[in-house]
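> Residue numbers (the working numbering), protein chains in the order written: chain F, 1 to 501; chain C, 1 to 511; chain U, 1 to 200; chain R, 1 to 150; chain S, 1 to 151.
Glycine residues also receive a C-beta, built at the ideal position from the N, C-alpha and C atoms.
Note that the structure is predicted; figures quoted are calculated from it, not measured.
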Amino acid sequence: MTPQLLIAAALCLPLLVAVSVALFGKVPTLREGVTIAGAVALFAVVIQLTLLVAGGARPELYIGETVPGLAIAFKLEPLGALFALVASGLWIVNSFYSIGYMRGNRERNQTRFYIWFALALSGAMGVAMAGNLFTLFIFYEVLTLSTYPLVAHKGDAAAQRGARTYLLTLLGTSICFFLMAIMWTWVVAGQRLDFIEGGLLADAGLSPFVSSALLVLFVFGVGKAALMPFHFWLPSAMVAPTPVSALLHAVAVVKAGVFTVMKISVYIFGFDLLQATPARDVLLGVAGFTIIAASLIALRQDNLKARLAYSTIAQLAYVTLGALLAVEAGALGGSLQIAAHAAAKITLFMCAGAIYVATGLTTVSSMQGLGRKMPLVFTAFLIASFSIIGLPPFGGMWPKYELLQGAADASTAWIPAVLIVSALLNIAYLLPVAILGLMPLPGTPPAKEFKRPGGAPVLTVAAPLFTAALCVVLFMAAGPIGDFLRPAFAAGSVPGLEDLR
Amino acid sequence: MILEPVLTSAPDWAVRHAAVLVVVVPMLLAPLLALSPSNRLAWILTVAGTAAAFWFSLILLAIIQEVPGSAISYALGNWEPPIGIEFRVDALNAMILVLITGMGALASFIAWPTLAAEFKGERLNLLLCAFLLCFAGLAGVAATGDAFNLFVFLEVSSLATYVLVAMGAGKDRRALPAAFSYLVMGTLGASFYVIGIGLLYAATGTLNMADIAEQMPGLSGNRSVQAGLAFILVGLGLKAAMWPLHQWLPNAYAYAPGFVSMFLSATATKVALYSLIRWLFTIFQPDLAFESAVLQWVLAPLAMAAMVICSVQAIFQTDVRRMLAYSSVAQVGYILLAISVGTAAGVSAGLLHLFTHALMKGALFMAVAGICFAYQGSTIRDFAGLGRSAPFTMAAFAIAGLSLIGVPLTAGFISKLQLGYALLDQGWWWAAVVLVFASFLSVIYIGRVLQAVFFEPPLNPRKNNKEAPLLLLIPLWILALVNIFYGIDAGFPAGLAADGAAAALGLGAAQ
Amino acid sequence: MTGDMMGEASTSIISALLLSILFVMGVAIAHLRNLFAIVMLSGIYSLVCAAWYILVDAVDVGFTEAAVGAGMSTAVLLGAILLTSRNAKPERRFARLGPLAVCIAAGAMLIYATSDLPAAGDPASPANTGVGLTYLQINWADTGVPNVVTSVLASYRGFDTLGETLVVFIAGLAVVLLLGFGERSLAETLRKLKKEDKVP
Amino acid sequence: MKSDHHLILRVIAKTLLPLITIYAFYVQFHGEVSAGGAFQAGVVLAVAVILYALIFGLAEAMRAVPPWFARGLAAAGVLIYGGVGVWAMVQGGQYLEYQALFNEPPGGHNGQHTGIILVEIGVLFAVAGAMVSIFYALAGRVAEIRDEDW
Amino acid sequence: MWDIILERGSYWAIIAVMMIGLYIAFSAENLIKRLVGLSLFQTTICLFYVKLANVANATAPVLLAEDMPKDAYRGEGVAELVHVYSNPLPHVLMLTAIVVGVATLSLGLALIVRINESYGTIEADEIYASDVKVQMAEDADAARTSGEVVR
C-alpha cells in the first residue's frame, strides 16, 4: 500500500468500525468482534506507517483546500507516529477490557458506546496525522464531540451535568482561545497554517507581545491538556464508565491535548522563538504549579477515580512543561511521558474498573485488604504506580530523567525541585492504595464480599496485567523510541546533548 | 466555470431580460394566484415562479462571471439611466439574488406540507400570493439601481411580510402584536430611508445610485449628505435588525408560520444588509472621513453589543424559535462587524457570513417548522427526545446548528474564520476576542437544544415516531448538505463574496 | 417684477399660515384622547396639506392627498374605530421621555442638514436642475403628454408605479387575509334582512 | 335600513352616484392634460361604492359589486399593468418600453399614449378593487352600521 | 439673519411638524393613535419633498401651449422652455409615497381590528402585560416539567 492509502486507511478504519457496529448492533458478539478486528487492523496500519517514518519518510496525504490557505492535509512525523501508535495500540487492549466491563456491569446502550468510541479513535488518528493546524483543529473538535456521548453515557442527571461541564470547557477553550490563536497565526504567518520543521512562526518577525499572546492562547486553548485553571473538566468527566475514563486519560483525549501543545511548540513556534517569548516563563510556572497543586488535591481524594484524575492532571503537566522548556531533552522527555503515562494510567484505570465491577467499591478507604481477594489486579496497580512515580525498571523513569536533563539545559533551577516534590507526592497518593490493598493494617475489617459472583471478569483482569507488563517493556524500549523521535527536534538546534544510552 | 451550462442553454430572451424577469415573473404570477381556483394549483405556480426566478438569477450570475468586474445595466422602458429606472446587477447583486431566490424556492417548496392543513379554503392561495409578492419585492430591492425604486420594493416586500407574520395568529395570537410592531418599526425605517433619499436628492439632483456615487467625492463636506447617510443608516438598520433597532424581530420570527420565519430569516434581513453595503461602500465611499468615523465608532460597537447581548438573550429563551431569532440578531452583528472594518477583506467576510448564515438559519428554521408541524410545539421541552422520534429531521438540525456554532468542516466555520482574518488583519484583536466569545455563547444556546434532542427523554413518551413531511425533509437535507459541502470546499461562496466585495467597493471608484 | 414679488410674499405668508395650522393640529392630535376627534382632525390635516400642495404648485399631489389622505384614510380609520374603541387611555408620563429624546435627536439632525440645503424655491438648486428639469425639457418630444407628472409617473418611472400598484394590491390582499372577505357577515346580514322582511 | 327617514339621503345619493362615477372617469382620462390620474380616479370610484354601501346597506352594495369582483378587479389591474410591459418585451423592446408597442420610429407618440392609457387603466382597476375590498373587509366585520355608531 | 429664516424657515416648520408625527408614533400607547401619528409623519415627509421641488414664481408642471411645439421630437438635445415650472420628479415620488402610506395604514388597521378581537384591547401596555403573563406561565410550566425530566 502506498503511504497515502495507509494514512487514509488509518483515518477510515475507525469510521468503518463505527458503521459496522451500527449495522451489527443487534448481535453483541459480532459487534465486539468487529471492534477488535478493526482495532488490530488499525494498529497494523499504524505500525507500517511508523516503520516508514522510522526510515526517514514523511508520508503525506493532501485532500484539498476549503479556501486558499486552509487545506485539509495529513503528514506523519515521529511525534504523531508515537501518538498514533499509543492510541491505536491501547484501543485493542481497551476493547477487550470494554467487553468485560460493559457486559459485567450490564450497561445499557452498548452499541452506542462502541460507535462513539470508534469515532473518537478516528478523531485521535486525525489529530496524530494532521499536517497543519487547521486539520488538527478539525479532528480535535471531532474528538471533543464524539467523546461527549461517551461521558454522558449513563444518561442520568449527574452524568449529564458532568458531560456538560466537559463539553463546555473543552469547546469553550478551543473556540475562545485555540481558534483565536489559529486565526491570528493564519494572519501573521501569511495565510498558512502548516507544521514546519523549525517553526512556522520562526521567521515571521513577531513582536514579543504578539508571540506571548499567541503562546498563552495556544497553551490554554488546548483545554485537553488540562493545565490549571482549565482542568476541571477532567474530574467532572469521572461520571463516565471506566473504559471511557481510560480513553480520556490514557488513550486519546488528554494525550491529544498535550500532543497538540508539543506539536505547536516544535512545529509552529520552534525552540528559538519559544525561548525568546516572555510568556513562556510564566507558563512554565503555571505548569509547575499544576503539577504540585494537582498532586496535593489528589492526596485528599478518597474516590479512587477522582484521585487518578488529579494524578493525570499533574502527570500531563509534565508534557506541557517539557514542551515549553524548548530544548531537545525537554521535548523528548515530554514525548516519552506521553507513551509511558499512557501505559501506566490505563493500567490504573482498568484496575479501578475491575474493582468496581467485582465489588462496586469506589473509595480508597474501603479497598483496604481487597488485594487479598484480587491479588492480580492489585499487583498490576502496584506496578503502574511505580511507573508513574518514576522508579526503575519501569517506563515512567525515562521521561523524568530527560526532563531533569532538559531543565538543566534550559538552566531553570526550580524545575528539578518541582519534579522531586512531585515524585514524593506521587508516592504519597498512589502507593498506599496498592500497598494497603495487599497488606492491610492490622485491625481493619475484612474486605467486602464480591458483588458479582466470581469476581472480576477475566478480561478486566487480563487487560491491566498486559499493560502493566507494557510498562516494563517501555523501560527497555526507551532508547529506540528516543532515536525514533529525535529527528523531530533536530531543527530546534540546541547542541551538545548527551546520547540517551 | 461552473455556471456555463446555464448560460449556454438559456434562450436569448432570457439572457437579455434576465435582470428584470427575475422580479417580474413572480410579481405577475402573484395576481394570478389570487384568482386561482385551487390551492394546489396556486402552490405549483408559486414553486414555478420562485424556481424561474432562481434560474434567471443563475443566468445573471453566469453573465457576470464571464467578464470579471462587469455589471449588467437594464434600462426599464428603455429610458437611459438617470432619466428612467435602471436595474443594475453586478457581482454583489448577483450573489444576493442567487441567495434569496434559491432560499425562496426552497421556502415555497415547504409551504404546502406545513400549511395545507392549517389554511383551507381560499386563504392559502392568497397567503402564497403574499409570499410571492414578498419574494418579488426582495428580488426587486436586490436588483434595482435606483434609490427610490429600492424604497418602493422595500415597501412591497415589507407589507407582504407584515401580513405573512400576522398569519401565525391561527396558532398563537401573539403573532398579531408582533406583526403590528413590525409594521410600525418597518414603516418608520422606510420613512427614515425616504428622508435620507430626499436629502441626497436635494444635494445631487438625481436618484440613480451610480449617478449619486459619481457626485459623492465632491460632496463630502456637505451636511445634508452626511445627515442623509445617517437617516439611510437608521432606516436600513431598522429593516436589517441592527442592534438596538431589532426589537421587532424576535417576536415576528417566533410567531410567524414556520415557512415564513424560514424564508424571512434567510432573506429579509439579508437584503436590507445588502442595501446597507451598497450604500456604505458603493455610493458613499469608506474613505470619506465622516463615513469611516461612522463605521468605526458607531457600527462596530453596535455590532459587538449585538453579538454579545443577543447571544446571551438567546441562551435564556425557552422557545426554540425565539432563541433562533435572537441568534439572528447576533449574527447580523457579526456581519455588521465585518462590514465596519471597511476593507475589501472585511466586506468579503461579511458577505460570506451573510451567505452562510442564510444557509444555516434557513435550515434551522426549516427543521423547527417541520417539528412544529409534526409535534405542535416549539419549546425546548417539546424538543426533548426528538433525536429518537425524528432522527432525520434532527440530524439536519444538528448539522445546521453546528454550522451556526462554527464547527470546522461546516460553512459557518469558514465564514467566521474569514471574519477573524479581516479583523486581525486590521489589528482589531479586541473585536476578534468578542467574535470568539460570541461563538462560545452560541455553543451554549445551540448545545442546550441539541442536548435535549439527543440525550433527554421526551416529556410524555410519544406513541408514534413522526418525521417532518417528506416535502420538507428534502429541502432541509439539501440545505444541511450544502452547509457541509461549503465547509469542505468553500471556493464557490468565497469567490462570490470576494467578487461581491470588489464590486461593492469598486463601482463608485471605477466610474 | 413687483407683481411676482408680491405674489411670492403672499405665497410665503399663506404657506406659513398653513404650516402653523398643521403644527397646531399636530399638537392637538398628540394631546387628544378621543379617537373620533383624532381621526377627524387627521382628515382635516390632510386637507390642509392638500391646500398647501396646491399653493406650492404640486396640484397632482394635492389632489391625491385630498382623495387618498382625507377621503380614503379617514373612511378606513372610522371603520376601524367602529370595530374597536372610541377613546384612548392617557399615556404614562415617564413613557414620554424616550420618544421625546428620539424626536429631538432626529429633528436636530434634520436641522443640521438644512444648513446645507439649497434655499427654498431656488431654481438653481441641484434638485431643480437635475433630472427634474430634464423631464420638463424632454417630456413633450418623447411622449406628447402635457402633464409632466403623468408622463413621469406612467412612463419614465413607470416601474415605480407598477410597484406602487402592487403595494395597493397587497394592502387589499392583506386586509382580506386578515379580516375575511366580509362574506361571512354578508350571509348573516342577508339572513337578518330576510327575517325583517318576514316579521313585520 | 328599511325605515324611510333616510329618504332624502337616498334620493340625493341616487342622483349623486352616477355623477361621482362620471367624475372618476373624467379624472382618469383627463389626467394626461391636467391634474389628476388613475390613483385619484380609483379612489373616487371606490368612494362611490362606499357611499352606496353607507346609504343602502352593505348587503346591497355587495350584491351590486360582489367581493370576488372587487378582488378580481384588483388582480386584473396589476396584470394589465404588468402585461403592457410584457407586450413591449414581446415586441422586442425593453420591459415597459411603450415606444416598442407598435415599433414606431422616434417621435411617434402612439405607443406612449396607448401605453400610458393602458397602464392607468390598470392602476384604476387595482386601486378601486383594492379599496373596495378593504372597505368590505372592515365593514363586513360588523353586521350593520347603525345610526348610533356615528 | 432674515434671509436665512426666509430661506430655511419653511424647512424648519416642516421639520417641527414632522417630529410631532414621529413623537405620536413613538409615544402613543393606543395603537390607532400610533398609526395616525405614523401617517402624519409620512404626510409631512411629502411636504418636505414637495418643498424641495418648489421653484419661486413657477407654475405647476403641466406644460403650457408655448412649450409644446408641433412635430417636436428629441433628435438633438433638449428643448428650451418658455415658462418656469416646478420640479415634477418629487411630485411623482410623493404620489407613490402617499399611496404607500394609505396601504400601510389600512393594513395596520386590519391588524388592530384583529388584535382587538383576540385581546379585547388596543392599548399597547395592556397587550404587553397580557403577553408577559402568558409567557411567565409558559416558562414556569417549562421549568417545572423539565425538573421532572431530570429526576
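1. Taking DSSP as the reference, what is the three-state secondary structure of Glu144(R)?
2. List the endpoints of the continuous alpha helix (DSSP H) containing Glu60(F).
3. Give the residues of chain F in contact with Leu424(C), contact being defined as C-beta atoms less than 7 Å apart.
4. Would you call the stretch 216–232 of chain F and the stretch 100–116 of chain F in contact, with 3 or more CB pairs under 8 Å?
5. Should Ile115(F) be labelled buried (16 or more other beta-carbon atoms within 10 Å of its own) or exposed?
6. At the 7 Å Cβ level, is Ile50(R) part of the contact set with chain S, yes or no?
7. Residues bridged to Ser73(C) by DSSP?
8. Using a cut-off of 7 Å between C-beta atoms, extract the partners of Ile115(S) located in chain C.
9. Going by alpha carbons, who is nearest to Glu65(F) out of Ile291(F), Gly333(F), Phe74(F)?
10. Using alpha carbons as the reference points, say which of Arg192(F), Val188(F), Gly257(F), His231(F) lies closest to Val210(F).
11. Just the Cα atoms here: how many angstroms apart are Ile444(C) and Thr169(F)?
12. Only counting the same chain, and skipping five residues up and downstream in sequence, which positions put a Cβ closer than 8 Å to that of Val50(S)?
13. Which residue's Cα is closest to the Cα of Ala358(F): Leu296(F), Ala413(F), Pro457(F), Tyr318(F)?
14. Between which two residues does the alpha helix (DSSP H) containing Lys270(C) stretch?
15. Who pairs with Asn303(F) in a beta bridge, going by DSSP?
16. Does Met109(U) get closer than 7 Å to chain C when you measure Cβ to Cβ?
17. Does the beta carbon of Ser106(S) come closer than 7 Å to any beta carbon on chain R?
18. From the beta carbon of Asp60(U), is the nearest beta carbon of chain S less than 7 Å away?
19. Using C-beta distances below 7 Å, list every residue in its chain close to Phe289(F), excluding the 5 sequence neighbours before and after it, in chain order.
20. Short check: CB of Gly199(F) to CB of Gly270(F), under 7 Å?
21. Within the same chain, show all residues whose beta-carbon is closer than 6 Å to that of Ala87(F), passing over the 5 residues directly before and after it, in chain order.
22. Rounded to the nearest angstrom, what separates Ser387(F) and Ala202(F) at their Cα positions?
23. If contacts are defined as beta-carbon pairs under 8 Å, then Leu472(C) and Ala369(C) qualify, I think. What distance do you get, rounded to the angstrom?
24. Just mark Tyr128(S) as buried or exposed, buried being the case when its beta carbon has 16 or more other beta carbons within 10 Å.
25. Run through the DSSP bridge pairs and tell me what Thr59(S) is partnered with.
26. Starting from the C-beta of Leu138(C), find all residues in its chain whose C-beta is less than 6 Å away, skip the five residues before and the five after it, and write them out in chain order.
27. Using a cut-off of 8 Å between C-beta atoms, extract the partners of Tyr53(U) located in chain C.
28. So which residues of chain U does Asn222(C) contact, with C-beta pairs closer than 7 Å?
29. Name the residue from Cys49(U), Leu162(U), Ile170(U) whose alpha carbon lies nearest to the alpha carbon of Leu33(C).
30. Assign Val20(C) to one of three DSSP states: helix, strand, or coil.
31. Shorter than 7 Å from the beta carbon of Leu409(C) to some beta carbon of chain F?
32. Where Gly162(F) and Leu171(F) are concerned, what is the direct C-alpha to C-alpha distance, given to the nearest angstrom?
33. Which same chain residues end up closer than 6 Å to Asp139(S) when comparing Cβ atoms and leaving out the 5 residues on each side of it in sequence?
34. How close, in whole Å, do the beta carbons of Asn147(U) and Glu120(R) come, if the pair is a contact with beta carbons under 8 Å?
35. Starting from the Cα of Lys416(C), find the closest Cα among Gln285(C), Ile405(C), Gln426(C) and give me that residue.
36. Excluding the 5 residues flanking Gly514(C) on each side, which residues of the same chain have their C-beta closer than 6 Å to its C-beta?
In short:
1. Low per-residue confidence applies at Glu144(R): pLDDT is 47, beneath 50, and the placement is therefore not dependable, though the value from the model is reported in the following sentence. Of the three classes helix, strand and coil, the one that applies to Glu144(R) here is coil, per DSSP.
2. From DSSP, Glu60(F) is part of no alpha helix (DSSP H) but of the beta strand (DSSP E) over 60–67.
3. Met183, Trp184, Val187
4. no
5. buried
6. no
7. Arg88(C)
8. Leu176, Pro177, Phe180
9. Phe74(F)
10. Val188(F)
11. 11 Å
12. Pro90, His91, Met94
13. Pro457(F)
14. 258–277
15. Thr363(F)
16. yes
17. yes
18. yes
19. Met228
20. yes
21. Ala124, Val251, Ala252
22. 37 Å
23. 7 Å
24. exposed
25. Tyr85(S)
26. Ile100, Ser157, Thr267, Val271
27. Within chain C, no residue comes near Tyr53(U); the closest Cβ sits about 16 Å away, beyond 8 Å.
28. Asp116
29. Ile170(U)
30. helix
31. yes
32. 14 Å
33. none
34. With a Cβ gap of about 11 Å, Asn147(U) and Glu120(R) do not count as contacting.
35. Ile405(C)
36. Residue 514(C) is absent from the model: chain C starts at 1 and stops at 511.
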